[in-house]
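Numbering (the working numbering), first residue to last: 271 to 576.
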Amino acid sequence: MKGKILEILRKEGDLISGETLSNIIGVSRVAIWKHIRRLQELGYSIESRPKGYQLKKDMDFLFSWEFPDHQKKIHYFPKASSTMEIAMDLARKKCPDFTVVIAGAQKKGRGRLKRVWLSEQGGLYFTVILRPKIPPALCPKINFGASLCLAQNLREMYGLDAGVKWPNDILVQGKKISGMLSQMDAEVDQVNCLNIGIGLNVNNDPTAKEPNASSLKILLGRQCSRKRILTAFLNSFENWMKDPDLETVIDEWKKYTITINQRVKIITTNSVFEGIAVDVDHNGALLLQLENKTIKTVTFGDCFHQ
Ligand code: BTN
271 MKGKILEILR KEGDLISGET LSNIIGVSRV AIWKHIRRLQ ELGYSIESRP KGYQLKKDMD
331 FLFSWEFPDH QKKIHYFPKA SSTMEIAMDL ARKKCPDFTV VIAGAQKKGR GRLKRVWLSE
391 QGGLYFTVIL RPKIPPALCP KINFGASLCL AQNLREMYGL DAGVKWPNDI LVQGKKISGM
451 LSQMDAEVDQ VNCLNIGIGL NVNNDPTAKE PNASSLKILL GRQCSRKRIL TAFLNSFENW
511 MKDPDLETVI DEWKKYTITI NQRVKIITTN SVFEGIAVDV DHNGALLLQL ENKTIKTVTF
571 GDCFHQ
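Here's what the structure looks like:
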């Protein structure tokens with residue numbers, strides 16, 4: 271209902287009467303008024319006058335009804351501890367495939383390798399819960415698919431030269447704007463859930479604490495719509511997930527990677543490797559040429575370009 275009301279107000283642009291709204295939607299004027307009042311309480315700038323209602327300013331809200339194609343499977347929290355925690359809880363309670371948890375801000379945003387992910391207002395923080403019918407070993411390829419979709423979305427929407435740093439970070443002009451964390455619950459041969467969490471710096475400024483990071487606002491010099499970005503990503507990623515081409519995804523991802531041919535340092539939970547990143551194999555592992563010219567296959571870790 272709220273989504274429908276907003277859609278009409280947006281299309282109309284001008285003042286529209288409660289009666290017209292109630293005729294279009296097929297509910298009473300009182301019901302319309304109650305929903306409008308709730309939307310106003312939530313922060314929507316809707317003016318109510320004796321002659322009707324008008325949306326004065328469209329704001330970048332992330333409520334579930336702002337994503338009509340995914341509304342039923344979206345859980346939005348203005349502030350959460352971490353969307354990863356909520357997602358795992360929902361997954362264990364058997365939520366459907368492609369359920370999405372969004373937070374306006376996170377108090378305990380998690381990064382890879384137990385780091386913290388700064389999650390102030392203005393950024394985009396979400397986790398998608400997937401139930402792919404593939405063996406656990408193939409799941410990293412889904413992560414590559416997700417980072418590929420996001421990089422393509424950012425390129426198409428903003429003309430940014432968005433590149434992927436192995437395995438799934440997105441960088442623009444050498445600065446990180448997005449990171450991905452994935453968690454899995456699986457049996458030996460079957461995945462129960464694969465939760466992909468993405469943090470994207472949109473209208474926030476992470477540079478005070480993370481000098482090597484940036485945000486869309488800093489790069490483009492203007493505010494960007496988190497809602498538009500998330501809509502584009504959910505559409506493209508859901509579409510890709512309908513029939514994920516796990517044979518070609520790494521080759522596609524390689525078209526956008528900025529890691530190959532770079533001198534890198536890889537930090538894992540218990541080791542550090544340095545060398546030239548010569549390739550990424552068909553499983554998504556990084557092939558690192560060490561000082562002694564041998565090739566080391568690295569399956570996970572944090573990658574620093576040097
Ligand atoms: C990294 O680059 O270290 C990964 C960062 C992942 C951050 C996202 S924000 C949404 C989801 N919830 C979290 O707590 N972390 C991920």
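Think of the CB as a built atom: it goes at the ideal place given N, C-alpha and C, for glycine as much as any other residue.
Of the residues TRP523, ASP572 and TYR526, the one whose Cα lies closest to the Cα of SER541 is ASP572. Taking C-beta separations shorter than 8 Å and ignoring five residues to either side along the sequence, the partners of ILE546 in its chain run ASN531, GLN532, ARG533, VAL534, LEU558 and GLN559, following chain order.
Less than 8 Å divides the Cβ of LEU470 from the Cβ of ILE447. If you keep only unbroken beta strand (DSSP E) runs of at least 3 residues inside the stretch 390 to 431, you get 394 to 400.
The DSSP-derived three-state label of ASN473 is coil. Straight through space, the alpha carbons of ASN293 and ALA483 are spaced by roughly 50 Å. A distance criterion of 7 Å places the beta-carbon of MET450 in contact range of ligand 1, judged by its closest non-hydrogen atom. The closest heavy atom of ligand 1 lies less than 7 Å from the beta carbon of GLN376. For VAL568, same chain residues with a beta-carbon under 7 Å away, outside a window of 5 residues either side, are ILE536, PHE543, ALA555, LEU556 and LEU558 in chain order. Distance from the C-beta of GLY392 to the nearest heavy atom of ligand 1 is not below 7 Å.
Restricting attention to alpha helix (DSSP H) runs no shorter than 4 residues, the stretch 339 to 399 encloses them at 353 to 362, ordered along the chain. Between THR564 and VAL550, the C-beta gap is not smaller than 8 Å, which leaves the two residues out of contact. The count of Cβ pairs closer than 8 Å, one atom from the stretch 404 to 424 and one from the stretch 458 to 478, reaches three, so the stretches are in contact. Excluding its 5 nearest sequence neighbours in each direction, LEU516 has C-beta neighbours in its own chain below 7 Å: LEU408 and LYS411, listed in chain order.
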